[in-house]
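Count the sequence shown with UniProt numbering and you get residues 1 to 539, in order. Here's the structure we're looking at; comments come further down.
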Amino acid sequence: MPERLKAPVHILLVDDLEENLLSLEALLRRDGLVLLKARSGPEALEILLKQEVALALLDVQMPEMDGFELAEMMRGSERTKRVPIMFLTAGTADHTRRFRGYEAGAVDFLQKPLEPDVLKSKVEVFFELYRQRQHIVVQRDALQSAFEENVRLLNESRKYAEALKDADRRKDEFLATLAHELRNPLAPIRNGLHILKMSPNPKIAEDVRDMMDRQMTHLVRLIDDLLDVSRVSQGKIDLRRERIDLQDVIKAALETSRPAIDAGRHEFSLDMPDEAIPVNGDLTRLAQVVSNLLNNAAKYTPDGGKIRLTLTRDGHEARIHVADTGLGIERDMLPKVFELFTQVERNLNLSQGGLGIGLALAHRLVQMHGGTITAESAGENQGSTFTVHLPVTDIEGLVTEDAAPQVAGGQVLDVLVVDDNRESAQTTSWMLELIGHQARMVHDGRDAIAAAQATPPDVILLDIGMPGMNGYEVCRELRKHAALKDTIIIAQTGWGQERDRKTAFEAGFDHHVTKPVSLDRFTQLLGDIQGAKPSPAGA
């Protein structure tokens with residue numbers, strides 16, 4: 001029950017004679033009722049300022065201020081003007097006095113001596129009326145609260161509906177842009193295949209192969225960026241920190257971004273100090289940040305524009321500035337430019353392509369290094385400047401991971417390629433043979449187990465997503481055979497999340513590589529295996 005309904009009802013008794021007040025109190029006393037007594041008009045007004053009452057019983061004939069005057073003052077106050085007033089008088093209740101009483105706001109006029117039952121009955125009516133008013137107030141407040149809550153929920157529902165609608169629209173735009181981005185490199189690759197089939201010109205063939213290699217690199221980078229954004233968002237990227245020079249970071253980034261800059265025929269300038277600027281960071285990831293900024297500048301700068309990269313140091317802070325003379329950023333977009341997929345709309349409008357993930361990824365990778373990244377632009381067609389702020393470290397001798405040795409030459413490895421995609425298996429086998437190894441193919445898990453048992457290979461390249469027995473099951477089965485316990489098993493798969501790597505290692509794999517695997521990666525990985533494998537006697 002609401003507190004308002006638990007509270008007692010108050011009635012004010014006003015009479016200049018104490019014995020009259022005591023008599024009224026004795027007559028009207030009951031549960032749930034509090035009787036407030038006053039012996040004068042001013043005392044009654046003081047009580048009314050502090051306490052809400054259901055009824056006021058006023059004696060008419062009082063010194064200093066009579067009942068009529070008190071009633072008129074009550075009617076003149078916003079707080080008390082609706083309090084019911086019942087006059088009690090011992091004088092003559094002629095029509096004139098009654099009229100004055102009603103004029104002053106009385107609801108009743110009782111003549112002394114009072115009839116107890118009549119008085120109690122009338123007071124009871126006002127007691128119940130007050131209680132009913134309290135119930136109505138409580139119900140009104142409850143309805144008002146319910147109404148306000150419903151309005152709030154409705155507004156929230158509208159916001160959620162708008163957010164869902166916006167998310168759905170952004171999803172559709174993202175998928176459309178993703179399809180566009182995938183088709184862009186696939187189109188020249190497909191054209192290149194036709195040209196290689198039809199043209200006997202070796203110079204054209206060489207140019208086509210170079211073009212196809214660039215487009216495949218672009219495709220791989222696009223997929224890697226998507227996966228990186230997912231990993232960073234979930235906190236699943238571990239930085240390989242070491243003491244590095246930011247000049248090496250910029251050189252690595254330029255190697256990656258130079259084709260995009262040259263393709264746009266941009267005028268590129270680089271300004272770096274002579275001395276090294278050391279930071280404690282992951283060279284590959286920081287190069288990815290700078291490369292994303294350079295690619296962004298190349299993409300949104302009309303052909304023949306200017307791009308400037310500047311490296312500076314200010315005390316314990318390093319700054320990398322990438323400025324361009326491109327399309328610029330509208331003021332209302334600046335706070336959103338590092339949000340994931342924010343650029344999708346912009347890309348579609350400007351026909352520039354891109355998924356709107358490069359800047360979001362750069363922003364999160366810089367944060368992981370304890371730095372910040374900011375964007376500035378004077379507006380549309382005014383160019384833009386992105387600045388990376390990183391803490392400088394002067395600490396010598398930080399622990400670094402030694403790169404795995406690259407082993408040239410070595411013995412020929414017998415590699416069993418297991419993949420249900422026959423074309424993938426065939427092209428992988430050709431690549432292995434091109435770098436001097438022996439390759440044989442099977443296309444399902446049971447055949448892989450049989451082939452490995454019949455002639456144990458040095459290395460097994462095993463796909464994960466195969467029908468029947470998947471790669472994890474095959475690997476576990478292979479490890480049960482004594483002759484295959486030391487065989488190097490490599491998971492070659494399109495599944496590249498951290499949990500996929502963990503599952504692969506738990507199943508018994510030695511390495512995990514994500515498709516498509518480059519020739520350089522195969523050479524390096526198999527070279528490491530050659531280096532770790534003892535040479536055969538007499539070799």
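Think of the CB as a built atom: it goes at the ideal place given N, C-alpha and C, for glycine as much as any other residue.
Environment of residue i [buried if 16+ CB atoms lie within 10 Å]
i, result
"L48", "buried"
"R183", "exposed"
"T400", "Residue confidence is low: T400 scores 37 on pLDDT, short of 50, so the model does not pin down where it sits. Its coordinate-derived value is still stated next. By the 10 Å Cβ count, T400 comes out exposed."
"E46", "exposed"
"L143", "exposed"
"L62", "The residue asked about is misnamed: residue 62 is Met in this sequence, not Leu. It counts as buried."
"residue 555", "The shown model of the chain, from 1 to 539, leaves out residue 555, and the question about it has no answer."
"Q132", "exposed"
"A404", "With a pLDDT of 36 at A404, under the threshold of 50, the predicted position of this residue should be treated as unreliable, and no value is reported."
"V388", "buried"
"N381", "exposed"
"Y160", "exposed"
"G379", "exposed"
"G445", "buried"
"S429", "buried"
"H363", "buried"
"A263", "exposed"
"I136", "exposed"
"E162", "exposed"
"A504", "buried"
"D282", "buried"
"M198", "exposed"
"V459", "buried"
"L350", "Here the model assigns L350 a pLDDT of 40, short of 50, so the residue's position is not dependable and the matter cannot be decided."
"A26", "exposed"
"P302", "exposed"
"K50", "exposed"
"L12", "buried"
"G527", "buried"
"A408", "For A408, the pLDDT reaches just 39, beneath the cut-off of 50, and the residue's location in the model is therefore unreliable, although a value from the coordinates is still provided. Burial call: exposed."
"H481", "exposed"
"T523", "buried"
"A532", "exposed"
"S257", "buried"
"G471", "buried"
"G358", "buried"
"P200", "exposed"
Cross-strand partners of residue i (DSSP beta bridge)
i, result
"R243", "N280"
"H511", "I490"
"V388", "I320, I373"
"S269", "R308"
Residue range of the unbroken beta strand (DSSP E) whose run includes residue i
i, result
"M469", "It is not in any beta strand (DSSP E) - M469 carries neither H nor E in the DSSP assignment."
"Q492", "488 to 493"
"A532", "Here A532 belongs to no beta strand (DSSP E); instead the alpha helix (DSSP H) covers 519 to 532."
"T312", "306 to 314"
"R319", "317 to 324"
"T393", "Premise fails: T393 is in no beta strand (DSSP E) and is neither H nor E."
"L327", "Looking at the DSSP string, L327 is not in any beta strand (DSSP E), and its letter there is neither H nor E."
"I373", "372 to 376"
Proximity to residue i [Cα-Cα], best of the options
i, options, result
"P42", "N20, V14, L22, L239", "V14"
"P516", "T427, F509, A163, I460", "T427"
"K306", "A323, K6, G371, A54", "A323"
"T96", "L114, F68, V123", "F68"
"G494", "V392, M368, I223, L239", "I223"
"S377", "D420, M333, Q367, L219", "M333"
"L88", "T80, K122, D274, R79", "K122"
"L294", "T284, V415, F386, L365", "F386"
"A38", "A56, F268, L28", "A56"
"T217", "S518, L525, A532, G508", "S518"
"G465", "L484, A452, G496", "G496"
"D238", "L129, D228, R476, I490", "D228"
"D520", "L114, I435, G383, L5", "I435"
"V412", "A439, T455, V151, L70", "A439"
"I244", "L196, V279, I320", "V279"
For residue i, the first and last residue of its enclosing alpha helix (DSSP H)
i, result
"L365", "358 to 368"
Residue-chain proximity (residue i, chain D), Cβ-Cβ < 9 Å
i, result
"D274", "Chain labels in this structure do not include chain D; a single protein chain is all it has."
Proximity test, residue i beta-carbon vs the ligand COA heavy atom, cut-off 8 Å
i, result
"M431", "Here there are no bound small molecules, and the ligand COA is not part of this structure."
Which parts of the UniProt domain "Response regulatory" (10 to 127) are runs of the alpha helix (DSSP H), unbroken and 4 residues or longer, counting only runs that do not cross its ends? Listed in chain order, they are 18 to 28, 41 to 50, 67 to 75, 95 to 103.
Can you list the beta strand (DSSP E) stretches of 3 or more residues lying completely in the segment 412 to 461, in chain order? Fully enclosed beta strand (DSSP E) runs of 3 or longer: 414 to 418, 438 to 442.
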